[in-house]
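Structure, as structure tokens:
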Amino acid sequence: MMVSVTNAAVSAAPRKKQSEFMRVMRQMRKNKLAMLGLIIFIAELIIVLLAPFISPYDYTAMDPIAIRQGPSLQHWFGTDDLGRDIFSRILYGGRYSITMGLFSVAISTTVGMSIGAVAGYFGGQVDNIIMRLLDIIQSLPAMLLTIVISAVLGSGYGNTILALSVNGLPAAARMLRAQMMRERDNEYIEAAQSINCSKFRIIVSHLIPNSFSPNIVQATMGVANMIVMAASLSFIGLGVQPPTPEWGAMLSGARQFIRQSPHMVIFPGLAIAITILALNLMGDGLRDALDPKLKR
Amino acid sequence: MSEQKMETEPFLQIEDLAVEYYSDGKVISAVNGVSLRLEKGKTLGLVGETGAGKTTIAKSILRILPDVGAKITGGEVKLEGKDLFKLSEVEMRKIRGNNISMIFQDPMTALNPVQTVGDQIAEVVRLHSKGEKHDFVKRAEEMLEMVGIPAERYHEYPHQFSGGMKQRVVIAIALACNPDLLLADEPTTALDVTIQAQVLDLIADLRKKYNTAMLLITHDMGVVAQTCDDVAVIYAGKIIEYGSKEQIFDHPAHPYTIGLFGAIPSMSGDEEWLHPIDGLPPEPFNLPKGCTFHPRCPYATEACRGGTIDMRRTADGHQCRCINIDTVKKQEG
Amino acid sequence: MARYVLKRLLWMIPIALGVAVLVFTLMCFCPGDPAEIILGSTATQENLAAKREELGLNDPYIIRLGTFLSDTFIHFDLGESWITGASVKEAIAERLPRTLLLSIIQLIISFGIGIPLGVMAAVNQNKWQDNLCMALALIGISIPNFWLALLLVILFSVKLNLLPAMGIGGIEYYILPALAGCTNGIAAGARQTRSSMLDVIRSDYITTARAKGVPEWQVIVKHGLKNGLIPIITVMGTHFGKMLGGTMVIETIFAIPGMGQYIINGVNNRDYQVVQVGSIFLAIAFSFCMLAVDLLYAAVDPRIRARYAKGGKRRAKKA
Amino acid sequence: MKKLGKKLVALGLTLSMFALPLAGCGGSGDGAQTTAAGGSGDGGAESTAAAEVSGGLSSLEDGVLDIGVTVSWETLTPFRSNIANNVPFAYAAYETLAKLTGDKEYIPWVAKSWESAGDGVTYNVEIYDYVTDSAGNSITANDIKWMIDESKEAGLKPCFSKVDHVDVTGDYTLQIVMTEDMVGAFEQILTNTFVVSQAAYEGSKDQFATEIISTSSYLMTEFVADSVISFEKRDDYWQKEELIEPQNAANVEKLSFHLIKEASQAGIALETKTVDAFVQLDQNTATQFEGNPDFTLKAMSYINGYQLYFSGDESRIITDDLNLRQAICYAIDTEGLINGVFAGYGQKMHDPIADTSVGYLEKWKDEEYYDYNPDKARELLEQSDYNGETLVLLATSGSTMQRLCQMIQGYLLEVGINLELNLVDTALYTATRLDGSQYDMTINTVGGDSLPDHWSIRYDCYAYSTGDATGRHDEELAELLRTTWTQAGFTEENIDAVHNYLKDNMYAYGMVQPENIDVWRSDLGLQEAVVTNKGSVNCLSSVYGE
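Quick note, the sequences are listed as chains X, A, H and Z, same order. Once you know that position 256 of the first sequence is 256 in my numbering, the rest is easy, because the numbers rise by one and skip nothing. Once you know that position 320 of the second sequence is 320 in my numbering, the rest is easy, because the numbers rise by one and skip nothing. Once you know that position 58 of the third sequence is 58 in my numbering, the rest is easy, because the numbers rise by one and skip nothing. Once you know that position 87 of the fourth sequence is 87 in my numbering, the rest is easy, because the numbers rise by one and skip nothing.
Laid out in structure tokens, this is it:
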């Protein structure tokens, strides 16, 4: 039920949202670097979605002659230790890496905001318990918790997404709660209470729409962190396993050849770096556009 | 450009000061050609609407304009004959806080929140005088007592003081090294009336004690009447009327000054309506040609719209930048 | 102030307990049977059954949790690693300092380089220094630290032969790992410093300081930076968690026997004791560092110090 | 627009700055050859450029022989499980009663002599009467009995569970009675019983967790768990000079073993002289040092090969489909695996067990053993009742295993067999490997000092509650196996019978036996290297050019 709460919120007040969205977009357009980030990210999404059609080779095809060849005309990014074309594998890998980042952030933000909303609005004992639980989760370095959970769930695409979504959750919850605490004392909430709006309606149509803008900014940055975290997980042997061409797994598999054929390590690393660069540019632009005084 | 040359060098002489701001591509001329004169120990009131460039003038005298967007593009400021703009940064720093000091408008944000009140005063003393640390502390305590704050509160922080008390600390800082010139940028605007009177009295006593000259920036005619010797009215970066307090208050010549007085509810007559000056101050980046006030001036004629309008001498001897002084005088009578 | 610190220290006990229960429960759901890992593939069924009995794997969850908590928190008997039999206490005593040393060096470098970069960018805003700093910060945030670690090893150890590529020893062994681990920290520090300094530089007390004739660099550092530190410390505090996590990956690359490798091996070998106790100590160490960061708030900002002195009911806002 | 231009220039500037390290390591790419050099086919060949033998150990700057290893001990206790028992410094830490050498014979070490009492279960052992450890305690038969009883009770090494009881028959003689007459069982006791003085062990502050008092010719000087362990030659070694076997000799003054697990760092450690040699270096990293005069490569057959085990569980379609199993074997190009995964260092196997095991018959190498033949594979596939189902291959997720599985997946796809990889971490693998219903095939490297050892844990249907290691119930094979267990039954034709039975019914297919590669600095002048039974150089006893 909680998850639907937030979706309802977004659809419940579309009119006001529309103008807000337009305002944000107009402001973003002014910030050139943010647009650069947006363009790069959109371009990446398109290329990755069209991967099956535009990748020159089948990403699983092994060519025993061309093992670990450097970048050349036929293979733009060279070939890996099993003779597969790295360029096509990066295109396909993007599907896994980027979607992994998006899904895990979506889950962690939605669940986090629901928890934050409950804690933020009800306050008192409920808030206290939730906050103490979040304290416990946050007292462990995020990487450690993710490692243990991905060991519990096992490796693989879906499990890694769940494992990753855990570490963004406390931050999202805390942020929404703090913002809601600020919004709760405003008059328009008292006004809504005075015309005896139900608690649920107040949360959904008043508190959340006004409080979740910092979460959007954090979500954008969150996607970047999740992609890096997914890559580090593969790097230490958990997370996604090499048959799937996820960027982190490719990087981890290629690191032992770094001396003889460095191109195998450079290109996946670059792919990750560029995606994160684009996301960070977008995040900055969004943060300034959404709430200039929120220049955290 | 001023008509008569004074025999002795005035204490403070500002000639054709011009300051421009740059913000995202547009050039804003905040101050374009201001000339002022101030005698030692005297007070000059600088009056005008907000955004007319008053604070910019004060900041350019001390050369503390925020260098990101502002640049002094012309003119000179002579203090006892020395042109401050020619001085190196090191020499200028010796003057700041020692020969010239400044009081700011909003006491709530004028003090460094993470530094004790006493230290902030002691800092300016340390910068401009020799001696041991305890000398500076003693001097700072003296100043605190002088502005009416118990010396025991030396180690307290700004957030533990009220607005009025903070302004007293700012004044203590400004006068700690008995400066020759005090620039007061709307010192009482942010305070409520009762505190306002105490602060003004405090400034007056201390000035009498050290014979300090003061440039008082305000938009409150009452404050000008109470403290200033001469008055200069500024509009859109230009001085439009300049003279002694009596001349300006008794026979305002420029339509804008008249409008300003019209906007004050006078205790004597019972006016139904105040006469606000219609229209808005001009956009600083495209000032109207000729007399910048002509779009809002009831007496504007064709001549006002073109050419440069120079200062003219009025009947009672003070200066006014308006070519229709006579017609205005007749109608206001 | 002491009251507040005491309160925070007391608060760590329930957190450590919470972490213990959380990790214990998680490890219970881990597939894979520790007995088989210890005895290897050539073990007979009796061996395995005896081993499971010895490790207490057959007892119900509650009893195992109870014994574990009483051993760890009451008798302070941290037990041995199931796989290698090495005492966990000694292993942690040896490894935790290395991981913390690496993380703290990274934090110091991030503060040390991040803040001046941020100030330089803020002071000459929109000039080339600003653009260069911000571009560097963007690159710093974007590069995954493990990838950078590999590249740094190639450049400094192999090509230039300046620094050792791996292992532990004198301080020079910690330079490359710290450098690789803290680029994100430097970048985040620089960006945050720049944005908070931009706010601070435009405030009135800076103009007051200038009007007092204070030299420009003192205005920026003494008056400006001291006020801008609060949001910077907040970002650094949250970033320290990420850095501590990142160190776990860096350790595998630089063959530094720290907590990271220890726990990752523990998880892979289903060495419950190592993972549980390791997590508790990492959580406690992490909480201590966060407490230190909070105390930095008070040291820097008198208003917060005042609030702490008054019984410290409302902890400093972390947002 | 001007402002944006400046920002982009700055961005470009920094990008180029970061390209420096990339170019740095890019440049090295063309240095070493990239194509997989065809390694020497036969084992034991030294592929050094004929650098003249010079310097020897004196050319070591700090006088310490630094050796890189990929496996290490976390604690030095003598009571160990089988985990990491092939570490190169095991011989320096503790001595055992006897030692199994590279050419598969047991040589005396602390034990002077041993012989069977004839009934296949009782053995009498005599140890030297002048054995002393580094603390001066003398070792008697009681210490040996105490060690065997303690190890059996600790239950860490399964081989001790086959000991029935031990009797001390004299100061320096004892009798060991095994539970059953099993080939190789007693020998394992000889090679796994560490010689430690009971008094020294019980007196130690942490039961030898961080210190060692043993009879070894080396004294442990430095130990940092998971990082480094160093030894120094003892001058008060108990054994007389002339009685020391060449495989037990102590030819190096100071040794230091550095644990480097990270694959990319192994090669770099050699290049930057952090280590002077690397034991069991990854084959692909080793290709970087081929033809490099500064380094000597020594390739030797590894004791285990990579075996493909077919599930015997009723629920899997592969269990009763011999044609499908044989088709799979013909579809896999083992030469391709050797070049692709092991950079050419390896040899095709002719039986699931590696040729280094006791009991391996050399004649098997001349027999035809499912050589790569895709057409035959397709033909067999037609005859089998396989119609497109997706088979499941279970394996661990180490980097070598992953590449092996992906190549096999490619080969099977070519002949029309769909294969899905289920790569899991070691813990999960040990939990599921015995449950044949979870997979159609699994890859493992199960070895064993002797053939019966290997067979008993893989194919004996009485070994586990679910049948044999993959859930198969084949009583006929179990009978056949049991004939070879006793000393008497361990004859050539019994062994051959089991070999052919496995080959014809194709329960397990031996694919590739890789070669271990040890890389040494050429100026150490390693002459005739003494080889351990684990297929790597015994750094302690090898002779270095003086």
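Positions of the beta carbon are idealized from the N, C-alpha and C atoms, including for glycine. Just so it is clear, the structure is predicted and the values come from calculations on it, not from any experiment.
How about residue i and residue j: do their beta carbons lie closer than 8 Å?
i: residue 82 of chain H; j: residue 261 of chain H; result: no
i: residue 285 of chain Z; j: residue 138 of chain X; result: no
i: residue 510 of chain Z; j: residue 471 of chain Z; result: no
i: residue 213 of chain A; j: residue 75 of chain A; result: no
By alpha-carbon positions, which one of the options ends up nearest to residue i?
i: residue 234 of chain H; options: H:91, H:40, H:292; result: H:292
i: residue 181 of chain A; options: A:62, A:49, A:69; result: A:62
i: residue 86 of chain X; options: X:37, X:70, X:113, X:172; result: X:70
i: residue 197 of chain Z; options: Z:110, Z:255, Z:240; result: Z:110
i: residue 318 of chain Z; options: Z:270, Z:120, Z:393, Z:296; result: Z:393
i: residue 124 of chain Z; options: Z:130, Z:97, Z:137, Z:103; result: Z:97
i: residue 166 of chain Z; options: Z:188, Z:158, Z:141; result: Z:141
i: residue 189 of chain H; options: H:255, H:45, H:259, H:122; result: H:122
i: residue 285 of chain A; options: A:32, A:9, A:11, A:10; result: A:32
i: residue 148 of chain Z; options: Z:223, Z:99, Z:174; result: Z:174
i: residue 226 of chain H; options: H:30, H:301, H:116; result: H:301
Residue i touches chain H at which residues, Cβ-Cβ below 9 Å?
i: residue 261 of chain Z; result: 252, 255, 261
If we define contact as Cβ-Cβ less than 8 Å, is residue i a contact residue for chain H?
i: residue 34 of chain Z; result: Legend: pLDDT at residue 34 of chain Z = 33, less than 50; position of this residue unreliable, no value from coordinates given.
i: residue 149 of chain X; result: yes
i: residue 255 of chain X; result: yes
i: residue 528 of chain Z; result: no
i: residue 236 of chain A; result: no
i: residue 250 of chain X; result: no
i: residue 359 of chain Z; result: no
i: residue 111 of chain X; result: no
i: residue 30 of chain Z; result: In this prediction, residue 30 of chain Z has a pLDDT of 34, which is less than 50 and means its spatial position is unreliable; what the coordinates show is noted afterwards. So, not an interface residue.
i: residue 214 of chain Z; result: no
Find the residues of chain Z that neighbour residue i, judging by a C-beta separation of less than 7 Å, and give them in chain order.
i: residue 290 of chain X; result: Near residue 290 of chain X there are no residues of chain Z at all, since even the closest Cβ is about 21 Å away, more than 7 Å.
Please compile the residues from chain H whose C-beta is within a distance smaller than 7 Å of the C-beta of residue i.
i: residue 110 of chain A; result: 204, 205, 208
i: residue 280 of chain X; result: 138, 141, 142
i: residue 152 of chain X; result: 26, 29, 30
i: residue 135 of chain X; result: 15
Since residue i meets chain X, which of its residues come closer than 7 Å, beta carbon to beta carbon?
i: residue 399 of chain Z; result: 253, 256
Give a yes or no on whether 8 Å exceeds the smallest Cβ distance from residue i to chain A.
i: residue 278 of chain H; result: no
Since residue i meets chain X, which of its residues come closer than 9 Å, beta carbon to beta carbon?
i: residue 403 of chain Z; result: 81, 82, 242, 253
i: residue 23 of chain H; result: 140, 144, 145, 148
Would you say residue i reaches chain Z, if we count a Cβ-Cβ gap shorter than 8 Å as a contact?
i: residue 29 of chain X; result: no
i: residue 87 of chain H; result: yes
Please list the partners that residue i has in chain H, where partner means a Cβ-to-Cβ separation under 8 Å.
i: residue 26 of chain A; result: Here the premise fails: no neighbours, minimum Cβ distance about 15 Å.
How would you list, in chain order, the residues of chain A whose beta-carbon sits under 7 Å from the beta-carbon of residue i?
i: residue 18 of chain H; result: Per Cβ cutoff of 7 Å: no residues; residue 18 of chain H is ~36 Å from chain A at best.
What do you reckon, is the C-beta of residue i under 7 Å from a heavy atom of the ligand MG?
i: residue 227 of chain A; result: In the structure shown, the ligand MG is absent, as is every other ligand, since no ligand is present at all.
What residues in the region 148-162 of chain A have a beta carbon less than 7 Å from any beta carbon of chain H? 157, 159
Residues of the region 438-462 of chain Z with a CB closer than 7 Å to any CB of chain H: list them in chain order, please. 446, 457
Which of the residues in the region 180-200 of chain A, read from start to end, lie with their CB under 9 Å from any CB of chain H? 183
For the region 271-304 of chain H, enumerate the residues whose C-beta is nearer than 9 Å to any C-beta of chain A, in chain order. 300, 301, 302, 303
Pull out every residue of the region 300-327 of chain Z whose Cβ sits closer than 9 Å to any Cβ of chain X, in chain order. none
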